[in-house]
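The sequence shown runs 9 to 140 under my numbering. Taking it in order: structure first as structure tokens, then the write-up.
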Amino acid sequence: MSSVVRELEWFADALRAWHLAILRYAVTLDNADRLAVHRIAREIDRLCPHQDGSADFEFFRRTSAELCAAIVQPNERTSALLQQYLARIDDARLKRTLAAAIDAGQPAVSPITRPARPRSNLWKGLSSRSNH
Numbered sequence: 009m010s011s012v013v014r015e016l017e018w019f020a021d022a023l024r025a026w027h028l029a030i031l032r033y034a035v036t037l038d039n040a041d042r043l044a045v046h047r048i049a050r051e052i053d054r055l056c057p058h059q060d061g062s063a064d065f066e067f068f069r070r071t072s073a074e075l076c077a078a079i080v081q082p083n084e085r086t087s088a089l090l091q092q093y094l095a096r097i098d099d100a101r102l103k104r105t106l107a108a109a110i111d112a113g114q115p116a117v118s119p120i121t122r123p124a125r126p127r128s129n130l131w132k133g134l135s136s137r138s139n140h
């Protein structure tokens with residue numbers, strides 16, 4: 009097996025481990041799981057081939073920090089970031105699972121389906137106090 013094939017397999021395995029670590033953090037919100045995400049990201053960045061010749065490739069570390077922050081404090085901007093992250097995932101099962109985990113952390117607001125009706129007939133059929 010050539011070294012290029014081994015390197016690509018390692019990268020695919022590391023990328024899957026990174027996604028699964030993000031999933032675990034989204035479910036548990038545990039600091040140890042957040043640190044695991046960052047540890048894997050640091051390893052990928054360290055061994056990733058440098059495209060621009062720079063010594064410090066920080067894509068996965070930077071993205072991990074943004075994703076972990078977005079998971080903990082969801083808002084409009086972070087929601088767009090999470091959707092962008094999900095769009096990059098090729099594995100459909102992993103994408104669905106991550107989407108469910110991310111949405112599970114956000115409280116669902118149910119709209120009122122019918123207007124409140126006046127309770128003018130609340131006391132209908134009861135005798136008045138003056139009759140007692």
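Using N, Cα and C, we set each Cβ at its ideal position, and we do this for glycine too. Predicted, not measured: the structure shown is a model, and the values here were computed from it.
With distances taken from CA atoms, which of Arg42, Arg101 and Ala107 is nearest Val92?
First, the residue type needs correcting, since residue 92 is Gln and not Val in the sequence shown. Checking every option, the nearest Cα to that of Gln92 belongs to Ala107.
Any contact between the segment 94 to 101 and the segment 42 to 58? By contact I mean 3 or more CB pairs, one from each, below 8 Å.
Taking 8 Å as the limit for Cβ pairs, the verdict is that the segment 42 to 58 does not touch the segment 94 to 101.
Going by C-alpha distance, which of Asp21, Asn129 and Ser87 is nearest Ile48?
Closest in alpha carbon position to Ile48, among Asp21, Asn129 and Ser87, is Asp21.
May I ask you to report which of helix, strand or coil DSSP gives Ser10?
In the three-state reduction of the DSSP assignment, Ser10 falls in the coil class.
Could you give the distance in angstroms between the alpha-carbon of Ala116 and the alpha-carbon of Arg69?
With a pLDDT of 48 at Ala116, under the threshold of 50, the predicted position of this residue should be treated as unreliable, though the coordinate-derived value follows. Near 30 Å, if we compare the C-alpha coordinates of Arg69 and Ala116.
Please classify Ser72: does DSSP put it in a helix, a strand, or coil?
In the structure shown, Ser72 sits in a helix (DSSP, three-state: H, G or I).
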